[in-house]
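Below: the structure, in structure tokens.
In our numbering, the protein residues as written are 396 to 899.
Here it is, written out as structure tokens:
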């Protein structure tokens, strides 16, 4: 489907063009798409911001970000010169509708030069409180009326809770059709995450065992070595539940648990994800103590350096009740998954940065080997590693070489680096290209966002309505609070961690 992109001129207007997201992610992604020949011959990238800059100064700022953050390293002079001809800047007050009329003039100018009607993408790389203002002003300037040619990309967080999410959906949905709205979650653009669907639905050997009869439990862990760094102001009003579980981890859970879609049509795929969220067991107040754990990190030492506790981070309340760690046990009440626990956890200042999905299969029905032969016996496990390494491995039992019968666990590994010579694209490259070609498969739909908020609201309300008396309750460079281990140990399991060759 991407082969048609060359014939589709595009104008990308980036609100927050001088911001960190553009420098670190968007500009490097767009430049790599240009180098790989995915951008059309006629395209324009227009950055906006309050700072007054020339087109040349804006281009230099983006070049600095590309040189620092692109997966390809520093830009080559000739390639950069060809790309930078398509970069423009417009100082803008996003609250002033006059600004948008100037955008309209620029759009008309490009359409006249290119002798066509270009696709226009409005990318909102700004603070969430500006989403409604920008959308309304785009509407007032009559820049969203062509539903087939205009799209809007909205970064997370999409709302702060269920009520604000519904309000934002209603407002944005009153201006744009759902087919124009791209709610972006960069996790869904990661190569290994996309491979979950391919792995599940392109291999006939998996479907018969992908259910409660053969799978004992599922774990999804996204752990971070870093603390909140310079995001204290934002994070203290958010927390791990909003920042990670409501979007990233629930999206991963949906990919693992969804039924097979009838086709790879975007809405068909997203329908199946919404089905999962709607089937998830709702939390009653009495469930929260036994099914959830929250934590907050204290100071300590990491890699020989002393680090601050959360409450000592910049712009964080000294009595903050915000969780930096969250673990939850979910159940999906449908035929496929009835009774199978799904454990998710995420936290900052953890021992290791890793995103791993572990699917543990049930034990063999009858063990024929004597105890001394199978003392290292381990149930089969499928491990999907998203970062820092990208791999899918199946752990099985095999005989150890030698004259005696002895069993041990071995890995059957699909490793991206070992299989493919080409470098995998960054998540934003995939998602930006999908936006340009109009493919919403990897983007969240409005009802999906609301279903995720609805599921988590009882936990959010309970945690915010009750001050934690034991914060901080886990040390830096640990695996989180002790209660997190107890959460899963009560069911006879333990959290899985993948050895990553000493990498943090």
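All C-beta atoms, glycine included, are put in the ideal place defined by N, C-alpha and C.
None of the values given here were measured: they were computed from a predicted structure.
Give every residue of the same chain whose Cβ lies closer than 7 Å to the Cβ of residue 478, excluding the five residues on either side of it in the sequence, and list them in chain order. Only 426 and 429 meet the Cβ criterion.
Same chain only: Cβ atoms within 7 Å of residue 758, ignoring 5 sequence neighbours per side: Closer than 7 Å at Cβ, skipping near neighbours: 774.
Rounded C-beta distance between residue 412 and residue 442? I'm assuming under 8 Å. With 8 Å as the limit, residue 412 and residue 442 qualify as a contact, their Cβ atoms being about 2 Å apart.
Might you give, ordered along the chain, the residues of its own chain that have their beta carbon closer than 8 Å to the beta carbon of residue 489, omitting 5 neighbours on each side? Here the set comprises 410, 443, 521, 525, 528, 529 and 532.
Determine the closest residue to residue 824 out of 469, 456, 483 and 584, with distance taken between C-alpha atoms. The candidate whose alpha carbon is nearest that of residue 824 is 584.
Of the residues 549, 504 and 499, the one placed nearest residue 523, counting alpha carbons only: For the residues 549, 504 and 499, the minimum Cα distance to residue 523 belongs to 549.
Spatial neighbours of residue 686 within its chain, please: CB distance less than 6 Å, with the 5 preceding and 5 following residues excluded, ordered by chain position. Non-local beta-carbon contacts of residue 686 in its own chain, meaning distances under 6 Å to residues more than five positions away in sequence, involve 724 in chain order.
Where residue 701 falls, given that 16 or more other Cβ within 10 Å makes a residue buried: It is exposed - the Cβ of residue 701 has fewer than 16 other Cβ atoms within 10 Å.
Where residue 853 sits in the DSSP three-state scheme: Helix at residue 853.
So does the segment 801-808 actually touch the segment 561-570, counting three or more Cβ pairs closer than 8 Å? Taking 8 Å as the limit for Cβ pairs, the verdict is that the segment 561-570 does not touch the segment 801-808.
To the nearest angstrom, how far is it from the Cα of residue 547 to the Cα of residue 838? The alpha-carbon atoms of residue 547 and residue 838 are separated by roughly 12 Å.
When the Cα of residue 467 is compared with those of 451, 821, 486 and 608, which residue comes out closest? A check of alpha carbon separations from residue 467 across 451, 821, 486 and 608 identifies 821 as the nearest.
Report the rounded CA-to-CA distance for residue 537 versus residue 456, giving the unit in angstroms. In a straight line, the C-alpha of residue 537 is about 31 Å away from that of residue 456.
By the DSSP assignment, the alpha helix (DSSP H) with residue 696 in it spans what residues? Under the DSSP assignment, residue 696 falls outside any alpha helix (DSSP H), being part of the beta strand (DSSP E) whose first and last residues are 695-697.
If I measure Cβ to Cβ from residue 657 and keep anything under 8 Å in the same chain, skipping five residues before and after, which residues do I get? Result list for residue 657: 663, in chain order.
Contact between the segment 596-613 and the segment 730-744: three or more CB pairs below 8 Å? The segment 596-613 vs the segment 730-744: in contact.
So, are the CB atoms of residue 694 and residue 719 less than 8 Å apart? If you check the CB distance, residue 694 and residue 719 do not come in under 8 Å.
For a test of the three-state rule: what should DSSP assign to residue 633, helix, strand or coil? Per DSSP, reduced to three states, the secondary structure at residue 633 is coil, with no helix or strand assignment.
Go ahead and pull the three-state DSSP assignment for residue 507. Correct three-state label for residue 507: helix.
Endpoints, the beta strand (DSSP E) within which residue 709 is located: Annotation: residue 709 is outside any beta strand (DSSP E) and is labelled neither H nor E by DSSP.
With residue 788 as the anchor, note down where its beta strand (DSSP E) starts and where it stops. Boundaries of the beta strand (DSSP E) around residue 788: 786-794.
Do you know offhand how far residue 788's Cα is from residue 777's? Using only the alpha carbons, I get a separation of about 6 Å.
Would you report the Cα separation of residue 574 and residue 544, rounded to the nearest angstrom? When rounded, the distance between both Cα atoms is 11 Å.
I believe residue 828 touches residue 433 by the beta-carbon criterion, under 8 Å. Please report the beta-carbon distance rounded to the nearest angstrom. Rounded to whole angstroms, the Cβ separation of residue 828 and residue 433 is 6 Å, and the two are in contact under 8 Å.
Please check the pair residue 864 and residue 636, which I expect to be a contact at CB under 8 Å, by giving their CB distance rounded to whole angstroms. 19 Å between Cβ atoms; not a contact.
In angstroms, rounded to a whole number, what distance separates the CA positions of residue 638 and residue 818? Each residue's alpha carbon lies about 29 Å from the other.
Please look up how many angstroms separate the CB atoms of residue 578 and residue 844, rounded, as I've assumed it's under 8 Å. Residue 578 to residue 844, Cβ: 6 Å. Contact.
Can you grab the Cα-Cα spacing for the pair residue 679 / residue 689, in whole Å? Here the alpha carbon of residue 679 sits roughly 17 Å from the alpha carbon of residue 689.
Cβ neighbours of residue 571 in the same chain (closer than 7 Å, five flanking residues each side left out): The answer, listed in chain order, is 539 and 547.
In three-state terms, what does DSSP make of residue 818? For residue 818, the secondary structure class from DSSP, reduced to helix, strand or coil, is coil.
Taking residue 849 and residue 650 to be in contact with their CB atoms under 8 Å, please state how far apart those CB atoms are, rounded to whole angstroms. The beta carbons of residue 849 and residue 650 sit about 19 Å from each other, so the pair does not count as a contact at 8 Å.
According to the neighbour-count rule (16 or more other Cβ atoms, all chains shown, within 10 Å of its Cβ), is residue 619 buried or exposed? Buried, since its Cβ has 16 or more Cβ neighbours within 10 Å.
For the beta strand (DSSP E) that contains residue 755, what are its first and last residues? Going by DSSP, residue 755 is part of the beta strand (DSSP E) stretching over 749-756.
Ignore the nearest five residues each way along the sequence and tell me which others in residue 667's own chain have a CB closer than 7 Å to its CB. For residue 667, where only same-chain residues beyond five positions count, the Cβ hits under 7 Å are 653, 654 and 656.
State yes or no: is the C-beta of residue 462 within less than 8 Å of the C-beta of residue 470? Their beta carbons are under 8 Å apart, which means residue 462 touches residue 470 by this criterion.
Starting from residue 614, follow the beta strand (DSSP E) in both directions and report where the run begins and ends. Taken as a continuous stretch (DSSP letters only), the beta strand (DSSP E) holding residue 614 covers 610-618.
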